[in-house]
Amino acid sequence: GGFLDVPDVASYANELPGVVHAEDNLYTCSQDSIAHITEQVKELGLNRVVVASCTPITHGPLFQDSIRAAGLNPALFEMANIRNQCSWVHSDDKPVATEKAKELVRMSVARARTLQPITTTTVPIENDALVVGGGVAGMATALALAENGFGVHLVEREAELGGNLRYLRTTHDGTDPRAYLADLIESVEKEPLIHMYMEHEVTHTGGFMGRFTSTLQNGKD
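Per our numbering, residue -2 is the first one in the sequence shown, and the count goes up by one each step.
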């Protein structure tokens, strides 16, 4: 609020097409303001809500919960980041910051008009992991996942594990890297939760978090 004219931005927002109510608050993310948003949605029968304040990364879910409490689908919410993207980067020019804030609000209002309700569904989760590369990092990752109870699909495009460590004979402190590599490979090969695909490459990956599907191709083909 010290770097742009918030009341002026709220007044501007109130004149935009489709906006039936606009106001400015000192701390929009405070408990009282969150409860106030819920009350306003109910009293005014709002079907979309736009909040112009800080980043939606940290506070978006908070405001979505407030409209959910009012019976509005949380997807019908839009947020304009006039802190990070405006007042913080134009702190030396209040008129410019204010005008940019208006533009950001106008864009958010325009987008809010197109929002549609989104419903959530329950889908089965695949708890296995795909690790690409059978070098030291890949094997260590596979073992760490397996130790935590996850199935692992380890894909290596060459015929043997080890990566570039196979070509080292010594280290700066004189230890034997080949002995370490042999122990690591043995641990991977003995782990029942790790499924290895030698001479294979990942050609395609699709799906979404918790339900990815990947396609492998045998390098011999």
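Glycine included, C-beta positions come from ideal geometry on N, C-alpha and C. Here the structure is a predicted model, which is why all the values come from computation and not from measurement.
Spatial distance of residue i from residue j (CA atoms)
i	j	result
P58	Q28	14 Å
L23	R108	25 Å
G68	E36	11 Å
T95	V3	7 Å
D125	H197	18 Å
V17	H33	16 Å
P174	V199	28 Å
F209	G203	6 Å
Y9	K99	7 Å
V6	T118	38 Å
L73	K97	24 Å
D90	R80	14 Å
A176	Q214	31 Å
D21	V48	10 Å
A19	N11	5 Å
H150	H169	33 Å
Three-state class that DSSP yields for residue i in the structure shown
i	result
Y24	coil
S88	coil
M206	coil
A19	coil
E153	strand
A66	coil
Heavy atom of the ligand COA within 7 Å of residue i beta-carbon
i	result
D173	Annotation note on the ligand COA: not contained in the displayed structure, which lists no ligands.
Residue j beta carbon less than 8 Å from that of residue i
i	j	result
L101	Q113	no
S84	F0	yes
A139	V129	no
T52	N78	yes
G131	G160	yes
For residue j and residue i, believed in contact at Cβ under 8 Å, the rounded distance
i	j	result
R154	G216	6 Å
I191	A141	Not confirmed; about 11 Å, so no contact.
M193	A156	Between A156 and M193 the Cβ distance is about 11 Å, and since that is not below 8 Å, they are no contact.
Among the options, the one whose alpha carbon lies nearest that of residue i
i	options	result
S184	G207, E20, L158, D173	L158
G15	L43, L1, T52	L43
F205	D89, I122, T116, V93	I122
D219	G207, L165, T168, V133	The shown model of the chain, from -2 to 218, leaves out residue 219, and the question about it has no answer.
G(-2)	S63, P92, Y177	P92
E40	A66, D90, N11, T212	A66
A231	I64, E188, S30, S88	With the chain covering only -2 through 218, there is no way to say anything about residue 231.
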